[in-house]
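Here the sequence shown stands for residues 541 to 709, numbered as in our numbering.
This report concerns only the one structure given below.
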Amino acid sequence: MSDRFHGIYRAHQAMVRTVIFQIAGASQVNDLTQEAFVRVWKKLPAFRGQSSLRSWIYRIAVNVALDAVRAQARRAEDFLVPDVASESPDAERLLMSRELVAKGLAALSADHRAVVVLALLHEFSLSEVAEILGVSLGTVKSRLHYGRQHFQSLLEEKGEPSWKMAKTI
541 MSDRFHGIYR
551 AHQAMVRTVI
561 FQIAGASQVN
571 DLTQEAFVRV
581 WKKLPAFRGQ
591 SSLRSWIYRI
601 AVNVALDAVR
611 AQARRAEDFL
621 VPDVASESPD
631 AERLLMSREL
641 VAKGLAALSA
651 DHRAVVVLAL
661 LHEFSLSEVA
671 EILGVSLGTV
681 KSRLHYGRQH
691 FQSLLEEKGE
701 PSWKMAKTI
């Protein structure tokens with residue numbers, strides 16, 4: 541099992557870090573990634589293949605991140621995006637877009653943030669998101685609708701065209 545686990549870790553480590561960062565923020569990403577893979581290691585013998593390995597690992601990572609978010613009040617600074625080295629207008633616009641997305645995500649509840657991250661940033665189908673989060677498809681649709689409305693109002697405040705956000709996020 542050790543070789544199997546190492547292969548799983550190598551294949552999914554970056555994805556797990558990313559989803560944890562997007563849900564729980566930067567301050568705990570290393571600890572929470574480690575916690576997620578400890579859970580994967582412990583539960584791997586019980587994995588029966590009823591879902592894809594990828595969605596099973598995502599579910600564990602999302603649960604670890606949500607547990608951390610619920611246990612501690614989140615601060616918006618945890619979601620800041622690193623500076624872009626270039627001073628070009630395109631790089632500045634990209635940084636502004638990323639910061640806008642980060643602020644929008646930070647303002648959502650953990651449950652809404654998880655749906656937006658999985659459906660829009662990681663491009664899971666809505667049924668996969670429901671499976672990963674252990675909620676109904678209707679709940680996923682409702683949370684995604686709310687998340688999109690939140691971003692729409694955030695964009696309107698910033699004077700950005702709404703269609704850009706749909707493609708960006």
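Note that beta-carbon positions come from the ideal geometry of N, C-alpha and C, so glycine has one too.
Predicted, not measured: the structure shown is a model, and the values here were computed from it.
- If you compare the alpha carbons of Ala654, His662, Glu697 and Ser667 with that of Tyr686, the shortest gap goes to Ala654.
- Within the model, the alpha-carbon separation for Leu584 versus Lys681 is close to 30 Å.
- Ranked by how close their Cα comes to the Cα of Lys582, the residues Arg557, Lys698, Gln562 and Ser542 have Ser542 in first place.
- Leu606: member of the alpha helix (DSSP H) spanning Leu593 to Ala611, first to last residue.
- If you check the CB distance, His652 and Arg683 come in under 9 Å.
- Between the region 686-698 and the region 589-596 there are fewer than three C-beta pairs closer than 8 Å, too few to call the two in contact.
- In this model, Val580 and Ile600 are separated by some 7 Å (Cα to Cα).
- Of the residues assessed, Glu671 falls on the buried side of the cut-off, its CB having 16 or more other CB atoms within 10 angstroms.
- The three-state reading of DSSP puts Ser665 in coil, since its state is none of H, G, I, E or B.
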